[in-house]
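Those protein sequence lines, which keep their order, are chains A and B.
Just add 5 to the spot in the first sequence (first one is 1) and you have the numbering used here.
Just add 831 to the spot in the second sequence (first one is 1) and you have the numbering used here.
Reviewing the structure listed below.
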Amino acid sequence: NAGVMQNPRHLVRRRGQEARLRCSPMKGHSHVYWYRQLPEEGLKFMVYLQKENIIDESGMPKERFSAEFPKEGPSILRIQQVVRGDSAAYFCASSPPTGGPNQPQHFGDGTRLSIL
Amino acid sequence: RKEVEQDPGPFNVPEGATVAFNCTYSNSASQSFFWYRQDCRKEPKLLMSVYSSGNEDGRFTAQLNRASQYISLLIRDSKLSDSATYLCVTGTASKLTFGTGTRLQVTL
Numbered sequence: 006n007a008g009v010m011q012n013p014r015h016l017v018r019r020r021g022q023e024a025r026l027r028c029s030p031m032k033g034h035s036h037v038y039w040y041r042q043l044p045e046e047g048l049k050f051m052v053y054l055q056k057e058n059i060i061d062e063s064g065m066p067k068e069r070f071s072a073e074f075p076k077e078g079p080s081i082l083r084i085q086q087v088v089r090g091d092s093a094a095y096f097c098a099s100s101p102p103t104g105g106p107n108q109p110q111h112f113g114d115g116t117r118l119s120i121l
Numbered sequence: 832r833k834e835v836e837q838d839p840g841p842f843n844v845p846e847g848a849t850v851a852f853n854c855t856y857s858n859s860a861s862q863s864f865f866w867y868r869q870d871c872r873k874e875p876k877l878l879m880s881v882y883s884s885g886n887e888d889g890r891f892t893a894q895l896n897r898a899s900q901y902i903s904l905l906i907r908d909s910k911l912s913d914s915a916t917y918l919c920v921t922g923t924a925s926k927l928t929f930g931t932g933t934r935l936q937v938t939l
């Protein structure tokens, strides 16, 4: 399966712990996007990355959240000192190198984060 | 005001019915437009891109009115498998913006 791969599918953390979510884009895709979906709500854009660059992080909370897409390996969304309000589904999407976000984006299965 | 507005529904229709969803967007800088569908607790999947000239894909027809900032989706001959949440999506140079979705339930 050459689709967008996210892991883990489910992640449980206690308040104050760190959560690391991983995303490998589709083969040939170099643009990665992270979205958050709270229960009964729509997807909210968080961050747009290319290899080693953050292009747009206007949707990222100012504190505790960070994202990277290193030269080698998957993109990582990191949440430090998690709180109950961080419980959500986190989706990663990717798109090809040409056209950027105006291209359709292909989504991974998501990571369901639960904070105890 | 939300950047992309949709009627949340639910729309309950019998199999074989025709159903239409509408969506309005507020960002005049939007450059691309899509309909995605999302099944319960699953990832969004691209249904179709939307072009100014209107476009059709089988039973699905999408229309875009840039002057009114309005997007529509028409589903003909509804199937049970069409039951899902339909997300109206706009794109700018840096990101996609999703509506909260319209729920469709197709019944026997």
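For every residue, glycine included, the Cβ atom is placed at its ideal position computed from N, Cα and C.
Drop a sphere of 10 angstroms on the beta-carbon of residue i, count the other beta-carbons inside from all chains shown, and report buried for 16 or more, exposed for fewer.
| i | result |
| --- | --- |
| Gln862/B | exposed |
| Pro66/A | exposed |
| Thr921/B | buried |
| Leu43/A | exposed |
| Thr103/A | exposed |
| Gln108/A | buried |
| Glu874/B | buried |
| Tyr40/A | buried |
| His36/A | buried |
| His15/A | exposed |
| Thr860/B | One detail in the question is off: residue 860/B reads as Ala in this sequence, not Thr. Exposed. |
| Gly847/B | exposed |
| Ser884/B | exposed |
| Ala7/A | exposed |
| Ala898/B | exposed |
Answer yes or no: does any C-beta atom of chain B fall closer than 9 Å to that of residue i?
| i | result |
| --- | --- |
| Glu46/A | yes |
| His111/A | yes |
| Asp114/A | yes |
| Ala94/A | yes |
| Arg89/A | no |
| Arg27/A | no |
Examine chain A for any beta-carbon lying closer than 9 Å to the beta-carbon of residue i, and answer yes or no.
| i | result |
| --- | --- |
| Lys910/B | no |
| Glu887/B | no |
| Pro875/B | yes |
| Gly840/B | no |
| Gly932/B | yes |
| Arg890/B | no |
| Arg832/B | no |
| Ser883/B | no |
| Arg897/B | no |
| Ser903/B | no |
Identify whether residue i lies in helix, strand or coil by the three-state DSSP scheme.
| i | result |
| --- | --- |
| Ser912/B | helix |
| Asp91/A | helix |
| Gln85/A | coil |
| Phe74/A | coil |
| Arg9/A | According to the sequence shown, residue 9/A is Val rather than Arg. If DSSP states are grouped into helix, strand and coil, Val9/A belongs with coil. |
| Gly922/B | strand |
| Met879/B | strand |
| Thr938/B | strand |
| Cys28/A | strand |
| Pro845/B | strand |
| Gln14/A | As written in the sequence, residue 14/A is Arg, which differs from the Gln given in the question. Three-state DSSP puts Arg14/A in coil, outside helix and strand. |
| Thr928/B | strand |
| Ala851/B | strand |
To the nearest whole angstrom, what separates the beta carbons of residue i and residue j, a pair I think is in contact under 8 Å?
| i | j | result |
| --- | --- | --- |
| Arg868/B | Thr916/B | 7 Å |
| Gly115/A | Phe96/A | 5 Å |
| Pro101/A | His34/A | 6 Å |
| Gly47/A | Phe929/B | 5 Å |
| Thr892/B | Leu905/B | 4 Å |
| Cys854/B | Glu836/B | 7 Å |
| Gly932/B | Leu911/B | About 19 Å separates the two Cβ atoms, so there is no contact after all. |
| query | Which residues, in chain order, does the segment 48-80 of chain A contribute to contact with chain B at a C-beta distance below 7 Å? | reply | Result list: Leu48, Phe50, Tyr53, Ile60 and Asp61.
| Contact set between the segment 918-929 of chain B and chain E, restricted to residues whose Cβ is under 8 Å from the partner | Of the protein chains in the structure, A and B, none is chain E.
| task | Taking only beta carbons into account, state which residues of the segment 850-868 of chain B come closer than 7 Å to chain A, listed in chain order. | result | Gln862, Ser863 and Phe865
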